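Remarks on the structure that follows.
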Amino acid sequence: MLKVGLHEIFEQMSYCPGETEVTLKENKEGGFSIALHRKPRSLSPTYIPFHSCKLINLNPVGDENRTTLEIFKRMVLSLSGDSSVLNDLKIFNKLEKKIQFEKPLKARFIRKCYQTIIGLKLASYKKVAAFCKETDILIFKDKSFEAASQGLLSKEKEVHKEAWVALKKELVLEWGKERVKRVTQKYKISFKENIKKETPLRRKHIKLLLIGLSDYQRSDLEASFKRLIKVAKNKLAIERLPSLELKKLQAKYPNFKDPDLQKKIRELFLSNLADSFLDLPLELQSFIQELAFLSSDELESSFLGTRKEGIVNGSQSNLRAQLIYNPSSLDEERLYLYQTIWDAPFRISEERFELFFLELMTKCLSKKELFEGCFIPYPDKEASLFYYVDMRLANGKSKLGYYLRSVFEELKDLFVFRGTSLDPSMTGALGSLLSDLYPLKPPGSLWQKASRHEENRIFSSSNKTILVSGHSLGGCLSMFASLEFFLTQNSRSLNRKFKIRTFDTPKIDEESTEKFASWCQTNQISIKHYINRKDLFPKFGGNSLLGKNARGIKGLVVLLSPRESKSPLALKSTHTHLFFKNNNFESETMAIEEYLKESSHLEKVRVFGGFFLFPMIFAFFILKRFFWGWSGSPAICKLLFLKSIQYLAKVQEK
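Taking this note's numbering, the leading residue of the sequence shown gets -9, the next gets one more, and so forth.
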């Protein structure tokens, strides 16, 4: 049995055209290697460059096709779980014929198979939405949902109202009233308005709601906890629980009937009464997470068979989302990244889990606008481990950081800083760009001391080991934050281990590193900087890295480079390349002093360009602050207007 499924191919296909021919080969570890045979093309329909497909001149023939199709068939059977259902499907019959005649496996066929199998696992409105077209509308007829053509828009408008009413009822029964309310408020979907206006119910509405409902939020855990307490106190019948939770309870205790289940809930919770989910014992927290959160397979099904291809990097997946803030698009991309985390234990060794998670967190997830209360899975083979965003640090300038904690003792606390964001729709995008272009000091120095109070509070909040990390500009910010804390606080008595891990970070000034080195010789701290050999960004900045000349500090640089490949990915995505996701890279470890001997003239280019670009962008930054505000703060012009009204009111009173 293969260790991974069809979505592994999607990561490699990366929006390749439908005619792309795919070759699969098994390897010794039980996984497989993928090659894609296509003609290069500049841009995909969704604005993502075609850059991860291998370019191979010879097309696969004969035995290669048969081997590929046999592997693919096993993947299909593994994903479906029931071969008897597939035997009657046209798509599966086509696969059998392809094997018989040794036809090539193409990207279009893979996508169709994947969507069909996912659709078969679904029911009710989800199944209809998975198989219908984007232009179709969903109606509720004879106590079930079905798809109808566009022509129904001008006829029988009453069916649109009935569809929305039925959908709301099903969602509340399945997910719970509180969860549905959270999603509709976040995405500004009003059932009341859609029912009143008789808006046609389409596939996009179902997908949008499912993305929000499938999210991992603390508020959903709190709501589930409160329901279970009511069940334990006999204030709520167990059959009144959302069907999602009730089915999981029944699966967990298959020999229990509803009255016995209610007694079991009473035994678990009445002896552990608490005010909040996070105050519960670890066993009960894990119990509630299993009920309220989707598993990896359930999350896969919630995408309705239209899972995005390729690793979603820190940027937005389309031009519109880059310019206009779109929370649903960000949530969708974040959930796709969660799938990458769920799959990690089948790809990489356990000792690399921490580095894999840190790299994905700093390069990708930190750019998805995380908010407090958001839960993030951590790779583990035995259990479902989670971090949660305990604090979001956003000062409206260059810094955007996340403090992640976990109730699991084996997981360290994380303090992650986001790097530069070039998407105007993102929080602090202009500020991060200004911090990069500031010509008088290295990147990250501008507004270096901003949010010092919040950072110090995070560092002092626990005695648990803390990992401070960031990618690119985020790496500089993580170094400066650690430096400011050690220099300004009475942290000599702090019994906390610090680990600083940066990815592709530019260098900072030597004066800062010397202050840090001379102060913390006796502290428990380790520092490592991971740098892509082919990346230009680490060559910018000053002439030092945190850890230089620090006796007693393990300060190392790990140089990474992709193994030789025909894929243009190694050339086009050097700054956001995910090394620890797979094993296809080489590394070399050296002391910081040895790495710093490599000189570069790129810093002069940054300084020269900064003298021209910085004033222009800074002027726009001030104008934006004046007219639109920043980071939740109101615009200055609005404040002036309100104050002038207050002043005029006082004058009239006199």
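We treat Cβ as the ideally placed atom computed from N, Cα and C, and that holds for glycine. Quantities reported herein were computed from a predicted structural model and do not represent experimental measurements.
beta-carbon Glu583 near the ligand GDP non-hydrogen atom, thresh 7 Å: This structure simply doesn't include the ligand GDP, nor any ligand for that matter.
Using only alpha-carbon positions, find the residue among Asp132, Phe488, Phe62 that is nearest to Lys102. Considering only alpha carbons, the answer is Phe62.
On a Cα-Cα basis, can you pick out the residue from Phe376, Glu60, Thr174 that is closest to Glu16? Its Cα nearest to that of Glu16, the residue Glu60 stands out among Phe376, Glu60, Thr174.
Contact between the region 444 to 454 and the region 342 to 351 (3+ Cβ pairs under 8 Å): Proximity of the region 444 to 454 to the region 342 to 351 falls short of the contact definition, fewer than three beta-carbon pairs being nearer than 8 Å.
Counterpart residues of Ile129 in DSSP-defined beta bridges: Beta-bridge pairing links Ile129 to Glu136.
Suppose you measure from the CA of Asn308 to the CA of Phe246; what does that come to, to the nearest Å? The alpha-carbon separation between Asn308 and Phe246 amounts to approximately 49 Å.
Ser590 burial status per 10 Å Cβ neighbour count (16 or more: buried): With fewer than 16 Cβ atoms within 10 Å of its Cβ, Ser590 is classed as exposed.
Please name the residue, chosen from Leu14, Ser374, Tyr393, Glu183, that lies closest to Arg382 on a Cα-to-Cα basis. Comparing Cα-Cα distances from Arg382 to each of Leu14, Ser374, Tyr393, Glu183, the minimum goes to Tyr393.
Given a cut-off of 8 Å on the beta-carbon distance, is the pair Tyr378 and Arg208 in contact? Going by C-beta atoms, Tyr378 is nearer than 8 Å to Arg208.
Measure how close the beta-carbons of Ser472 and Lys489 come, nearest whole angstrom, since I'm counting them as under 8 Å. Lys489 and Ser472 do not touch by the CB rule: their CB atoms are close to 10 Å apart, not below 8 Å.
Can you name the residues that DSSP bridges to Arg208? Arg208 pairs with nothing; no bridge assigned.
From the DSSP secondary-structure annotation, give me the bridge partner or partners of Cys364. Looking at the DSSP assignment, Cys364 forms a beta bridge with Gln207.
Distance cutoff 8 Å, beta carbons only. Does Ile255 sit that close to anything in chain D? Any reference to chain D falls outside this structure, which holds one protein chain only.
Any idea which residues DSSP pairs Thr478 with across the strands? When beta bridges are read from the DSSP output, Thr478 appears opposite no residue.
From Tyr115 to Ile196, what distance separates their C-alpha atoms? The alpha-carbon atoms of Tyr115 and Ile196 are separated by roughly 8 Å.
Under 8 Å by Cβ, that's how I've got Glu168 and Leu234 pegged, so tell me the actual separation to the nearest angstrom. Contact flag wrong, Cβ pair sits at about 13 Å.
Local conformation of Thr410 per DSSP, three classes: Secondary structure of Thr410 (DSSP, three-state): coil.
Integer Cβ distance of Leu420 from Leu436, believed to fall under 8 Å: Contact between Leu420 and Leu436 does not hold, since the beta-carbon distance rounds to 12 Å and is not under 8 Å.
Nearest-angstrom Cα distance between Pro433 and Lys497? Rounded to the nearest angstrom, the gap between the Cα atoms of Pro433 and Lys497 is 8 Å.
How would you write the range of the beta strand (DSSP E) that Val548 sits in, first residue to last? Val548 -> beta strand (DSSP E) spans 544 to 552.
List, from N- to C-terminal side, the alpha helix (DSSP H) runs of 4 residues or more that fit wholly inside the region 336 to 362. DSSP runs (the alpha helix (DSSP H)) wholly in the region 336 to 362: 343 to 353.
Tell me which residue opens and which closes the beta strand (DSSP E) that Phe652 is part of. Residue 652 is absent from the structure shown; the chain starts at -9 and stops at 644.
Hey, how far is the Cα of Phe181 from the Cα of Leu613? Rounded to whole angstroms, Phe181 to Leu613 spans 38 Å at the Cα level.
Whether Lys96 touches Glu11 by CB criterion (8 Å): The answer is yes: Cβ separation under 8 Å.
Are Ser139 and Asp126 closer than 8 Å when you measure CB to CB? Remark: C-beta atoms of Ser139 and Asp126 approach each other more closely than 8 Å.
Per-residue DSSP class, three states only, for Asp494: Asp494 sits in coil when the DSSP states are folded into three classes, being neither helix nor strand.
Run through the DSSP bridge pairs and tell me what Ser577 is partnered with. Ser577 is bridged by DSSP to Leu550.
What residues are listed by DSSP as bridge partners for Glu288? DSSP output for Glu288 lists no bridge partner at all.
Unbroken alpha helix (DSSP H) run spanning Leu251, endpoints: That run of the alpha helix (DSSP H) goes 248 to 259.
Beta carbon of Asp413, beta carbon of Leu463: below 8 Å? The Cβ atoms of Asp413 and Leu463 do not sit closer than 8 Å to each other.
Provide the residue span of the beta strand (DSSP E) that contains Val458, from first to last. Val458 -> beta strand (DSSP E) spans 456 to 461.
According to the Cβ coordinates, are Gly460 and Thr495 closer than 8 Å? Against a cut-off of 8 Å, the Cβ pair of Thr495 and Gly460 comes out as a contact.
Under the assumption that Leu260 contacts Ala222 (Cβ atoms under 8 Å), give the Cβ distance between them as a whole number of angstroms. 5 Å between Cβ atoms; contact.
By the three-class DSSP mapping on this structure, what secondary structure does Ser415 have? For Ser415, the secondary structure class from DSSP, reduced to helix, strand or coil, is coil.
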